[in-house]
Amino acid sequence: MTFVQELTATGRPTPLSRYIVANGVLYLVFGTVVLCWPEITYLMGADDFRAGESGLVRVLGFVMAIIGWFYVMGGRTGATSFGLATVVDRAVVPVVLGALAWSGAVDGGLVVGFAILDPVLALGAYLIWRRTRVAT
């Protein structure tokens with residue numbers, strides 16, 4: 369198989385894998401928007417940028433887009449282990465981001481959305497896995 373054929377090959381889709389792909393699309397789109405328009409973070413409660421912060425927020429958008437890409441590609445494999453791995457990493461997000469915001473290392477308005485959204489999406493993945501595991 370060629371590189372492109374291997375890259376675009378998919379596994380058997382499951383409800384969990386489709387959910388992970390949808391989450392990946394969300395991150396990919398939102399990350400791209402933040403990369404191109406960092407001031408959108410003001411709508412989430414972030415303070416006005418100071419010197420160089422706009423560039424760092426663009427980097428954050430790029431990282432979100434890359435994470436989205438990996439979620440899309442990982443979800444397309446149909447591997448349950450990948451879907452469950454996202455539950456674990458997302459459970460850590462509010463702990464780390466909360467500590468960074470509490471210490472003043474980052475603007476709380478910038479990270480509060482992720483500190484809330486990631487565990488909610490993790491719970492969604494876990495519940496889908498539980499529901500489909502019981503059904504099989």
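Everything in the sequence shown is counted per the working numbering, starting at 369 for the first residue and increasing by one. For each residue, glycine too, the CB sits at the ideal point set by N, CA and C. Keep in mind it's a predicted model, so treat the numbers as computed, not measured.
Ignoring anything shorter than 4 residues or poking outside the segment 394 to 439, list the alpha helix (DSSP H) runs there in chain order.
-> If we require 4 residues or more, the segment 394 to 439 turns out to have no alpha helix (DSSP H) run fully inside it.
Using CA coordinates, which residue listed in Asp486, Gly423, Gly466 is at the minimum distance from Gly477?
-> For the purposes of this step, residue 477 is taken as residue 109 along the sequence shown, with counting starting at 1. Considering only alpha carbons, the answer is Gly466.
Cα-Cα separation between Leu375 and Gly436, rounded to whole angstroms = On the sequence shown, position 7 is the one that residue 375 refers to. On the sequence shown, position 68 is the one that residue 436 refers to. C-alpha separation (whole angstroms): 16 Å.
Whole-Å CB distance - Val461 paired with Ala483, under 8 Å assumed = What you label residue 461 is simply residue 93 of the sequence shown in a count that begins at 1. What you label residue 483 is simply residue 115 of the sequence shown in a count that begins at 1. Yes, they are in contact, since the Cβ atoms of Val461 and Ala483 sit about 6 Å apart, within 8 Å.
Boundaries (first-last residue) of the alpha helix (DSSP H) holding Gly472 = For the purposes of this step, residue 472 is taken as the residue at position 104 of the sequence shown. From DSSP, Gly472 is part of no alpha helix (DSSP H); its letter is neither H nor E.
What is the DSSP secondary structure of Ile376, counted as helix, strand or coil?
-> As a working note, residue 376 is residue 8 in the sequence shown. Before going further, note that residue 376 is Thr rather than Ile in the sequence given. If DSSP states are grouped into helix, strand and coil, Thr376 belongs with the helices.
Pull up the distance between the alpha-carbon of Leu403 and that of Ala433, whole angstroms please.
-> Locating residue 403 in the sequence shown gives position 35, counting from the first residue. Locating residue 433 in the sequence shown gives position 65, counting from the first residue. If I take the Cα positions, the gap works out to 8 Å.
Compute the Euclidean distance between the alpha carbons of Asn391 and Ala447, then round it to the nearest angstrom.
-> Your numbering for residue 391 matches position 23 in the sequence shown. Your numbering for residue 447 matches position 79 in the sequence shown. Their backbone Cα atoms lie some 15 Å apart in a straight line.
Distance between beta carbons of Gly429 and Gly399, contact taken as under 8 Å = The sequence position of residue 399 within the sequence shown is 31, counting from 1. The sequence position of residue 429 within the sequence shown is 61, counting from 1. Confirmed, about 5 Å.
Grouping DSSP H, G and I as helix and E and B as strand, with all else coil, what is Ala447?
-> The sequence position of residue 447 within the sequence shown is 79, counting from 1. If DSSP states are grouped into helix, strand and coil, Ala447 belongs with coil.
Own chain, CB closer than 7 Å to Tyr494, minus 5 neighbours either side, in chain order | Here residue 494 corresponds to residue number 126 of the sequence shown, with the count starting at 1. Answer for Tyr494: Val455, listed in chain order.
Going by C-alpha distance, which of Arg386, Val372, Met369, Gln373 is nearest Arg444?
-> Here the question's residue 444 lines up with position 76 in the sequence shown. Out of Arg386, Val372, Met369, Gln373, Arg386 has the C-alpha closest to the C-alpha of Arg444.
Nearest to Pro381 (by Cα), restricted to the options Val440, Asp475, Gly492 | Numbered from its first residue, the sequence shown carries residue 381 at position 13. Comparing Cα-Cα distances from Pro381 to each of Val440, Asp475, Gly492, the minimum goes to Val440.
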